[in-house]
Amino acid sequence: MRVLFASPYKPFPLSEDGWDPLDPFTGQLSPSQGPFAMTMHGHYWAFYLMAENLNAECCVLEHPTMAEFEAELRKGCDVVGFQVNWNTLRQTADMIERAKALAPDAIRVVGGYAIAQVLDPLPADVAVAETIRTGAHHLCHEEGVRFMRRLIGDLPAERPITQYTMPRSGSHLAALGPQLRVVGGRPVLASLGCPAACDFCNTSAFFKYKKFQVASPDEAYTFMRHHFVNDGAGRSMFELFDEDLFTDPEYPRALGRRIRGDEATAGRLGYFTFGSVRTLSKLDPEELAADGLATVWIGVESTLDDVLQHDAHLRKRKGGDVQALFDGLREVGITVVGSLILGFDFHTPENMPQDVDAFVRLAPTIAQVTPLVPCAGTRLYERMKKQQRLSTTFGWTVAGGFQANPVAQPLHMTWQQLEEAIDAAHRRLYLETGPSALKAVDTALRGYLRLHNHRDPALRTRGALLRETATAQYPALVAVLANAPSARVAERAREVQARWKAALGEPDPNLVALGETFAERIRAFAEHPTPPAGVAEPPTRWTYYRPGAAPTIVKQAA
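If you're matching positions, the sequence shown starts at 1 in my numbering and goes up one per residue.
In structure tokens, the structure reads:
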């Protein structure tokens, strides 16, 4: 049995603003960072997870050209798996047509959260959705490993799922180039689905507002420790995927007991995950830090009290004071990613600035500010469809995206007003709270000062590592001081530098020199930014899996 998992083919058109659809930083997370813009690469992790867990020969083909995809098809396969995304519906349809022609006997399977759009497309996407729907033998609307096991007769399908071969992400400041890439975390899938039932949430609706555990705390720790040992870096970061890891507080606590109970990993093994105001408000920040939480994404979505009564069902926003939560996490060195949605039905031109003001005060290290966009399969989509508020001309396959042609008009403002408010929010986050690089130094320094003499040995170790982090980040602080986008940010940077020196002493001259080099490269990038290429063409990657053997990786030269 041979299975080919293929991601959508390249090149990928950039948005009208130059956003890369594959890079969450350029168009989604803190996009208005000027010369301090970040860039990131990830992977189609679901493919790797399935390939590792099937008793079959598998090829994971990432970012192929159509010719490379066709060449892989000609080698022969029994199953072809595709992942469909909102902005790659057309690529998926094209690849299905080629698979039908070149591998007509292969079973064609399509998975991904945009399955809902294939089943209930917008008018402009009907033809492409029909090609996918009729060209696929199966649309996977569940957890993929067990689905694929049943499909190929690899039984028992319910046996445990392992996660030992997952590739990791990476990021860097665009101005400094990939030579100074920050190695990212390896993914561990803890659970799928979420019972919070926010009406706009596609991933929650996909699993019918229920949570399905994929890895127990003991299993998650086993996978994390495996990579911790194999990577040999003495510290490791992971991306622990769960819509809200803290829904059941026993899960992070049980995971934390394993992390803290092992002298090798105590304080040295950290993870990024998703949380909410409702669940995190019940937990102590020091306990969270001791248990391994290093970075958390909190979907604030709105700071207005209206959101607690509105039919968006934002139960996850009920809890303690949001500002106190953000501040408390930062004080123990936990980086906070915050998200805000503008364009709810309760938003008006009068109250929306209040929402933005409060979000800016939260000063998340990384921020996402987005319009409310109804996705197929969600309650929001169904409600807007019944109200006849969905656009008759918008489509995910239509050039320009919803920036040029919104999927639905906000209730109390124009789409242009909404876009202007979002752009203004991004600018304020940058000009008032500073680039993410500055806030990252501040968070690491605060955590070091709070934890380095703590009675808990795991937190003392964590404090020592935060000292290393803050020290390594000093060149970024020098670069911000030299290229501050506003007087307010320059003042904040000087204040952080003063606290840094008071805590850590005068910086090593090599750090200062490196900071000056960074500052000059960032200044040059600001003066002569690299224009968008028009398309994204990441290098192709082939990963071959054979039962009982380590995967073989072939990478196209960058």
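Note that CB positions come from ideal geometry on N, CA and C, so glycine has one too.
Asked	Found
Y544: first and last residue of the uninterrupted alpha helix (DSSP H) it sits in	Premise fails: Y544 lies in the beta strand (DSSP E), R541 to Y545, not in any alpha helix (DSSP H).
Opposing strand residues paired with A536 [DSSP bridges]	F12
Identity of the residue in T131, D327, L342 and L380 nearest P364 by Cα	D327
Cβ pair L466, A444 closer than 7 Å	yes
Boundaries of the alpha helix (DSSP H) in which M224 is found, first to last residue	P217 to D231
Pairwise C-alpha distance: Y544 and R317	43 Å
Delimiting residues of the alpha helix (DSSP H) encompassing H426	W415 to R428
Separation of K208 from P197, as counted between CA atoms	Here the sequence assigns Ala to residue 197, which means Pro is not the residue at that position. C-alpha separation (whole angstroms): 8 Å.
Straight-line gap, P8 to E287 (C-alpha atoms, nearest Å)	42 Å
DSSP state of A358 mapped onto helix, strand, coil	helix
Bridge partner(s) assigned by DSSP for M38	L173
Contact check, S436 vs S30, beta carbons under 7 Å	yes
Exposure of G548, with buried meaning 16 or more beta-carbon neighbours within 10 Å	exposed
Uninterrupted beta strand (DSSP E) stretches inside the region 84-148 (no shorter than 3 residues)	107-111
C-alpha distance - V60 paired with A399, whole-angstrom precision	29 Å
Spatially closest choice to A99 from V369, P123 and E70, by CA coordinates	E70
For W500, the three-state DSSP class (helix, strand or coil)	helix
With 16 other Cβ atoms within 10 Å as the buried cut-off, status of M352	buried
For Q368, the residue or residues it bridges with in DSSP	S339
Cβ-Cβ distance between P371 and G338 below 7 Å	no
Opening and closing residue of the alpha helix (DSSP H) in which F206 lies	N202 to F206
Proximal residues to Q91 (C-beta, below 7 Å), its chain only, five neighbours per side dropped	P8 and Y9
Range of the contiguous alpha helix (DSSP H) that encloses Y474	Y474 to A482
Sub-7 Å separation of W297 and P187 beta-carbons	no
Cβ-Cβ separation, M1 to A56 (assumed contact under 8 Å), whole Å	4 Å
Through-space distance from V554 to I96, alpha-carbon basis	24 Å
Selection from F272, V360, H347 and A175 that minimises the alpha carbon distance to P529	A175
Under 7 Å between C-beta atoms of E250 and L192	no
C-beta atoms of G112 and Q83 nearer than 7 Å	yes
Inter-residue Cα distance where the pair is A470 and A124	50 Å
Y271 and L314 closer than 7 Å at C-beta	no
Selected residue, minimal CA-CA separation from H63, among D231, P539, P167 and K501	P539
C-alpha distance - A524 paired with V145, whole-angstrom precision	47 Å
Backbone CA spacing between I161 and A289 [nearest angstrom]	27 Å
Assigned exposure category for E72 - 16 Cβ within 10 Å defines buried	buried
Cβ pair V79, I115 closer than 7 Å	no
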